[in-house]
Structure formats: C-alpha cells, structure tokens
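Protein chains: 2
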Amino acid sequence: MAMAMAMGAPREQLRVDARAPGKVILSGEHAVVHGTSAVAAALGLYTTATIRPGVDDGCVLDLPQLGVNLKWPLKVIEEIVTQGHLLDPKPAHVASYAESEWPQLGAFVEQQLGLHAVKGADAAVTAFLFLYTSILGLQPVTVRVTSELPVGAGLGSSAAYCVALSAGLLAYCGEIDLPQENGADRKTWIDVNEKKIDLVNRWAFEGERIIHGRPSGIDNTVSSFGYVVKFKQGQITRLHTQLPLRMLLTNTQVGRNTKALVAGVGERALRHPAAMGAIFKAIDEIAEEVVTILLTPSENSGGEKKKGEEIVSTEECGPHPVFKTEQEVRLQELVEMNQGLLQGIGVSHLSIESICQITASYRLQSKLTGAGGGGCVLTLLPHKLSSTSVELVKVDLEAKGFSCFEAVIGGNGVQVSCQTLS
Amino acid sequence: MAMAMAMGAPREQLRVDARAPGKVILSGEHAVVHGTSAVAAALGLYTTATIRPGVDDGCVLDLPQLGVNLKWPLKVIEEIVTQGHLLDPKPAHVASYAESEWPQLGAFVEQQLGLHAVKGADAAVTAFLFLYTSILGLQPVTVRVTSELPVGAGLGSSAAYCVALSAGLLAYCGEIDLPQENGADRKTWIDVNEKKIDLVNRWAFEGERIIHGRPSGIDNTVSSFGYVVKFKQGQITRLHTQLPLRMLLTNTQVGRNTKALVAGVGERALRHPAAMGAIFKAIDEIAEEVVTILLTPSENSGGEKKKGEEIVSTEECGPHPVFKTEQEVRLQELVEMNQGLLQGIGVSHLSIESICQITASYRLQSKLTGAGGGGCVLTLLPHKLSSTSVELVKVDLEAKGFSCFEAVIGGNGVQVSCQTLS
Chain V
1 MAMAMAMGAP REQLRVDARA PGKVILSGEH AVVHGTSAVA AALGLYTTAT
51 IRPGVDDGCV LDLPQLGVNL KWPLKVIEEI VTQGHLLDPK PAHVASYAES
101 EWPQLGAFVE QQLGLHAVKG ADAAVTAFLF LYTSILGLQP VTVRVTSELP
151 VGAGLGSSAA YCVALSAGLL AYCGEIDLPQ ENGADRKTWI DVNEKKIDLV
201 NRWAFEGERI IHGRPSGIDN TVSSFGYVVK FKQGQITRLH TQLPLRMLLT
251 NTQVGRNTKA LVAGVGERAL RHPAAMGAIF KAIDEIAEEV VTILLTPSEN
301 SGGEKKKGEE IVSTEECGPH PVFKTEQEVR LQELVEMNQG LLQGIGVSHL
351 SIESICQITA SYRLQSKLTG AGGGGCVLTL LPHKLSSTSV ELVKVDLEAK
401 GFSCFEAVIG GNGVQVSCQT LS
Chain L
1 MAMAMAMGAP REQLRVDARA PGKVILSGEH AVVHGTSAVA AALGLYTTAT
51 IRPGVDDGCV LDLPQLGVNL KWPLKVIEEI VTQGHLLDPK PAHVASYAES
101 EWPQLGAFVE QQLGLHAVKG ADAAVTAFLF LYTSILGLQP VTVRVTSELP
151 VGAGLGSSAA YCVALSAGLL AYCGEIDLPQ ENGADRKTWI DVNEKKIDLV
201 NRWAFEGERI IHGRPSGIDN TVSSFGYVVK FKQGQITRLH TQLPLRMLLT
251 NTQVGRNTKA LVAGVGERAL RHPAAMGAIF KAIDEIAEEV VTILLTPSEN
301 SGGEKKKGEE IVSTEECGPH PVFKTEQEVR LQELVEMNQG LLQGIGVSHL
351 SIESICQITA SYRLQSKLTG AGGGGCVLTL LPHKLSSTSV ELVKVDLEAK
401 GFSCFEAVIG GNGVQVSCQT LS
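Sequence order for the protein chains is V and L. Heads up, the first sequence is in UniProt numbering, so the first residue is 1 and it goes up one at a time. Heads up, the second sequence is in UniProt numbering, so the first residue is 1 and it goes up one at a time.
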C-alpha cells in the first residue's frame, strides 16, 4: 500500500534506512597535501544505517562489524550529554558545534565498550552519541549500522558511517523526504533531495571531526553527494559527471600509518624541493586530465555502443582480448603514470607493486588509492572486458592472498528508504 | 728494460693495448630525448683492443665475443676501401667522413662473416675496417678486441669498442704517447693525454655512426674521457668530478627494443603533453640534483673517514646494518624517484621491478639504466656497506636468474699500455 510521508513529523512507526557510499581517490593523493588537485569518486559499496523506534525508553546502538552492541536508558544519555554541555536537539546546532567538547566522553565510552569492540569503536560510538542527541534529541530508538566497506582501508568508511547515520537520523525526524512505499518486498532507495544533502554533509562532517580530528571534508562530501569531487587547496568542487567507471578494488591487507607516510613525503619534499615540486606538478596535471576526461561526454558510460565509441585498442588479457576505448587507454596510461609517481615519492609497498604487476600481466593498469604503504589498489576495468576475464584476474590476485571485488565508481551519493512497521 | 717510445713513428715491434670503459646513465634516460638533462658516468668494465704487427702482409681481426675471426690480404682491403672511395689514412679524414659511404660495405662484410658471428658483428667489422684504414692505412696488423661488457645491455659496449680501437690504432701509429715499459709482468696503463683524448673521441664517434646511424655522442665521450658527463640538448659537458660511486649492476637478461621504447614515450608525450612534460621536468631536476651532489666535495669518495663524513642513517640490510652518509641517502632517494618516474612513463619491466624489490628489501634503491624494458639495473651501494652484505644481495638476485657484478662508476676513461715484442 503506497503511502506518502508527512514532512517534519517524527516517524515513530517507521523503520528508516539510509545508505552512503564509500570513496576512492582516483588521483592526487599525497600531492594534494602540497597544494595540488585530487579527484575522489563515490565507491559503490555502502554503509547502511537503520533507525527504528526504540523500546523501554532506551537507545540501542548495534555496530556488528565493530563488535559494538550497547543499550543505554535515555536518562544515562541525558546525563552524558549534559556533562558534555551538548544537548541541543536541533540541526541548527551544527553552526555552534565546538570540536573540543566531545573528547571528554572518551573515558565514558571506553568503559561502555565490551571485549569484542574493534579498535576505533570508541570514536564511532562518540560520533553516534553526538549525532543522535543533536539531531533526534532523546527519542527512544534502535540504531544498527552495517557496512560493505572494509574499515581503515582508505575507502572512507568513517565518512560513510557519519553520512548514513546523519541522513538516517534526519529522515527519521522528518527533515528528509522519504520514498513512497510500494508495498513490494524490494526496498526503494531514493536520492536525498539536493537541498538536504548539504545538511547531511554538514552533520556528517561534524561526526568526522570527532573520529578524525581534522578531516579534509573530501570523504563526507563524496559520500553525501556521490559522483566525482575535485579537491584543491581546501576548495571542494563537485563535478557534474555521472559516468560510472568500472573498477577492481584490491585490498593488500597491509595496514598502514597514514601520518608517517604523509610526513615522509613532506620530509622528502624538503630535501629535494625542485624534483619533488615537479613530481607534485605532474600529479596535478594527471588529476586535471582525469577531470577533463571524466567531464567529456563519452563512450565510458557503458551500456549500448554510441556514436563515437571507437575501440582503439585490442590487447590480449589472458585467453581473452581486452577492448579499450580511446578514453580508457588514456585513463589507463594516467593510472600507470600516477602509480609510478607515487612509487617515486616513496609511498608504495611491495604488496601494491605485486598487485600492479599481476594486473599488468592482463594489460590492466593499477594504482594505489589513498595513503599507500598498503591499503587498497584500484584497477581500471574497460567496460568491454568480459566478466570471465575479470574472474581470471581475481583468481590470480586471491591466490596471492589479496581480497578483491569489482565496484562501480562515480555513482550515486546518500540515499534513503523506509518501511512502515506493522 | 725501460724504453721511451718515439712519437709519430710506426711501432712495428710493439704490441699496443688500449682499454676503454663502458658507461651507465645515472639519470635522465628517455627524458633527454625531450630536451632535459642526462648524466652518464664511466663504468669500470673495459673493452680492450690489442694491436700487434701483422704477418704475411695481411690484416687479422679477432673479436672472440662476436664469433669473428677474419684475415684479409692487404690487397683485398685496398679493393674494398677503394670501391668505397674511403682510403685516406690520415686522422684529418675525420672532418671529411661522410656517413652515407660505408653501408655499401655491408654485403661484402656479411659475406665474410662465418657461421659463428653474433648479430651485430657486421657493423663491428665495418667500423673496424673504417677506423683501421683511415688511421693506419694499409699496414699489416693483427687486432684483437675483447670486452668485459655485455653486448646490447645499454652499457655502451659499442662505444667502448670504437674508443679502444681508435686509441689502440692511434697509439700504434705513434699519435698517442705510450708508457715507459717497466719490465715487470704487470701492465702499466696510462691515461691518454688530454689533448689526444679529443682525437680518440672524434674517431670513435665516426665508428659509432657506422654502428648506430645517429648516435648521441654521449657513450663515446664518457668512454673516452671517463668520469661523469652531463648531456642536454646536444650539449655535452664534462663534469670535473672524480668521485667514484660504488654500484651493483644487474643484468635482467631481457632483451629490449630501444627504438620502440623511445617511440612509446614520444607517443605518450603527445597524448598527455602537460603531465608528461611535468614528468620530464621532474627527471631533469633529479639529473641536476645528481650533478650538484657529484660536484660537492664529499664523503662519497670512500676510503678513510674525513671531516664532514657523518653517518646519517643506519638501516638494517639483512643481518648487517647499512651505514649511509647524507649524500648517499639523498642519492638513494633520487634513484627511487627516478625509477618511479621511468615506470610512470612506461619503460620499466617486470624483471626490473623484481630487481628493485629485491634490493629494496636490503634498503638499497635501484633504477633501470638506459632504455629500460629489460637491460640493466643500477643499485647504489653505500661505501660502508660490507662485502658480506653485497654478497647476500647478489645471492638473492642470482637465485632469481639475474646476473650481477659490483662495479665502480665514474672512474678513468681511455688508457693505453704497450709491450716490446722480442
């Protein structure tokens, strides 16, 4: 039975879901710290926050992947946030939020966490308490957040967590339009209204500040708005491109120390200012060319063959040929160049190079994405590449102990869905 | 019995030896084609030409590594060179030499070569016939050329061949001073007099033109003058540095197509002018910094610890620590950066990366040298690195099927020696 939702009213008999994508950096990592452009895109793997009415005047937070399952009476939460002088259940609070006020909750949250909590769970719980009390006030709710994104792999899992939570809470309190229910079993996801995305994004950024201290704002912007975002000298520009790119994402399973990697690049830039400056400039040019390619109406959108979609390269990929369009050839070259430059500035890793070599044997170029030193590797997949070929590459990568999955890059941002509870 | 040699007179009772070093490109390969700087240095592996009086009015050419052992009556040689209109047994001939005149000897030379001749032997024989007849005229001689340099590995073996031959022939006809014999078994090598090196170099360049068509002149200049040479936009600058660098040179054993590699880089530069331009600029900056480091009076000259020779880095290299001076740390970073950039422009190879990864596991940075796509890889060895550590690295590399040898880079150029025949 279809039912239109009223705006602005609490939806106590509703289950609200909000999902937010991860992000990948297509190009410009590290150099961006030195003032050049970076390009990030939404990664079609989602973190989903489910908000439903609570029971017994309590608030339940269930984060299965972080080993967190907490239940607080609302009175306890009121005490916590009063101690923190933070209770202000209005979105307008965003403007007055002060970064320094939340860390004092650390001890409380740590004490709440059980044995099964994963490292970093305290920050996730603190961010939840902030977003929940600020947006919903003290309503009894049960919140569960699950994710397809690996944590700490540079894929923006914390931003997706904050965006999904913010959108879910805002939709639950009636600030965001929800889709009409179609009565079918299948969920209907709708994009968050453009005007409201900005609100989601601002809340999510506050959550990110609790988790990261001084986030760049790229991750939550990409997760909120989706598609592709360019970032340069603190300026975030959304690119009006909806070309999804097909990628293979491989997790090296090697943990990394982002701060140390960034510091290492900085020290090298001090020792070799001219050469490193030229390398940053080269990375900048690559990022700009990636933007140009992504903004060019093209054959990259997949699907039916269009006018101008010329196959310019046919290469062997194992037993199967790889058909590449001119744009794919250009993007692949840029990927190879970017990876070489990242190796040159010292942020690659044996595991990353090993993945690049395996995919190169299939004529597919790869680059690290994010901080490097481990983390994830992106491989551009031509749209015409058969799934059999992709399977072969995956088998090879998995045989070396890497985990990989195909994903669409540059798709939608945050979306919401709902279900009336009987 | 010591004996001073007279200048300018044929030395019929003498055996003359001339040896010329190979070369390595320290930095700037490929980018140099696009107008930036390259730095090349003498490689302490030699090609030696031995000239002794001939027998039976004939000329013998023995190139054991190329499978060449030819003997011609002088009358036949006269016919050949008369057909080629080339007989002009004076060094002044260099100025009037025309590149186009020698290829017509190809058919004759090919017909002379036996079954055992290695590919490229025809060019070596043609270059010999040119240098021999131009410098010595028609004297009966027996010439043997042997080399420590692998052929076709980008180590300047053809230039060393031409330089050794030119110097040997010029010394044999009295144009170059020879050392006094000391009567001992051990050969006394002396550097060719500075003024005469230029003559050797010009002749060698003509030989290189026969072998390569349009050589850059870097290889013969480095082999003739030794030490380090900077090359930019056709301008060759000798660097007055005599700092030998300690290197491990590893042959990937993978053959490569230099022309195709250079063309590939050129095409990529056309497709991505801004990004590739910035990469070439980065390579240029690296080459300039290498020059600056090499010209700075420093601790890199090995031997005794000097004032200012501070060990700034102590890293593990297998079971042994690696002590690196500040200059060595800087040079190693430049090597890593340069290799990344070369990978980025698409001229690396799986075998090259494999070598880089093996040496990196010992905290030693490597880069391809020359055209890439196979060929040789340079690894900078800190002067304080123990020979035991070097052995460990070599064992690892050789276990993967690579051949490697330690060599001094940036040492002397062409040298001569002689022996009175009884």
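We treat Cβ as the ideally placed atom computed from N, Cα and C, and that holds for glycine.
Burial of leucine 45 of chain V is indicated by the presence of at least 16 other C-beta atoms within 10 angstroms of its C-beta. Against arginine 271 of chain V, the close residues of chain L are Val329, Arg330, Glu333, in the order they occur along the chain (beta-carbon pairs closer than 9 Å).
The Cβ-Cβ distance between valine 141 of chain L and leucine 66 of chain L does not fall below 8 Å. If only uninterrupted alpha helix (DSSP H) runs of at least 4 residues are considered, those enclosed by the region 137 to 198 of chain L are 157 to 172. Counting C-beta pairs closer than 8 Å gives three or more between the region 268 to 281 of chain L and the region 319 to 339 of chain V, which meets the contact rule.
Taking a C-beta cut-off of 9 Å against chain L, the contacting residues of the region 360 to 372 of chain V are Ala360, Ser361, listed in chain order. Under the rule that a run must span 3 or more residues, the beta strand (DSSP E) segments found entirely inside the region 215 to 245 of chain L read 228 to 232, 235 to 239. Linking histidine 30 of chain V to aspartate 191 of chain L through their CA atoms gives a straight-line distance of about 50 Å. Beyond the five residues adjoining it in sequence on each side, glycine 168 of chain L comes within less than 6 Å, by CB distance, of Val16, Ala18, Ala49, Ile51 in the same chain, given in chain order. Between isoleucine 345 of chain L and methionine 247 of chain L, the gap from beta carbon to beta carbon reaches 8 Å or more. Glutamine 357 of chain L reaches chain V at Leu350, Glu353, counting residues in chain order whose Cβ is nearer than 8 Å. If you draw a straight line from the Cα of leucine 61 of chain V to the Cα of arginine 144 of chain V, it is about 6 Å long. The closest CA to that of serine 348 of chain L, considering only V/His349, V/Arg238, V/Gln343, V/Ile176, is found on V/Gln343. In terms of beta-carbon proximity, glycine 344 of chain L lines the interface with chain V, with at least one pair separated by less than 8 Å. Under the DSSP assignment, alanine 407 of chain V falls outside any alpha helix (DSSP H), being part of the beta strand (DSSP E) whose first and last residues are 403 to 409. A direct Cα-to-Cα measurement between arginine 238 of chain L and tyrosine 227 of chain L gives close to 8 Å.
Rounded to the nearest angstrom, the gap between the Cα atoms of valine 39 of chain V and isoleucine 279 of chain V is 17 Å. In terms of Cα proximity to valine 33 of chain L, the closest of L/Val265, L/Leu129, L/Ala41 is L/Val265. The residue among V/Tyr132, V/Ile25, V/Val229 with its C-alpha nearest the C-alpha of isoleucine 77 of chain V is V/Tyr132. Annotation for alanine 20 of chain L: no alpha helix (DSSP H) segment contains it, though the beta strand (DSSP E) segment containing it runs 14 to 27. Here glutamate 110 of chain V has Asp122 as same chain residues with Cβ atoms under 7 Å from its own Cβ, once five neighbours each way along the sequence are excluded. Counted as a single uninterrupted DSSP element, the stretch harbouring leucine 364 of chain V is not any alpha helix (DSSP H), since DSSP gives it neither H nor E. Less than 8 Å separates the beta-carbon of glycine 375 of chain L from that of glycine 154 of chain L. Look at asparagine 412 of chain V here: in three-state DSSP terms it is coil, with no helix or strand label.
By the rule that beta-carbons nearer than 8 Å mark a contact, alanine 282 of chain L touches chain V. Out of V/Phe205, V/Leu385, V/Lys23, the CA that lies nearest to the CA of leucine 165 of chain V is found in V/Phe205. If you ignore the 5 residues before and after glycine 234 of chain V, its C-beta comes within less than 6 Å of no other C-beta in its own chain.
If you draw a 10 Å sphere on the C-beta of lysine 367 of chain V, you find 16 or more other C-beta atoms in it, and that means buried. Boundaries of the alpha helix (DSSP H) around serine 134 of chain L: 121 to 135. Less than 8 Å separates the beta-carbon of asparagine 251 of chain V from that of proline 150 of chain V. Secondary structure at serine 387 of chain V: helix, using DSSP grouped into helix, strand and coil. Isoleucine 218 of chain L and isoleucine 236 of chain L do touch by the CB rule: their CB atoms are close to 7 Å apart, below 8 Å.
Contact of glutamate 289 of chain V with chain L by beta-carbon distance below 8 Å involves His272, Ala274, Ala275.
Straight through space, the alpha carbons of serine 147 of chain L and glycine 54 of chain L are spaced by roughly 22 Å. Rounded to the nearest whole angstrom, the C-alpha separation of alanine 399 of chain V and valine 390 of chain V is 14 Å. Listed along the chain, the chain L residues whose CB falls inside 9 Å of the CB of glycine 207 of chain V amount to none; the nearest CB is some 36 Å away.
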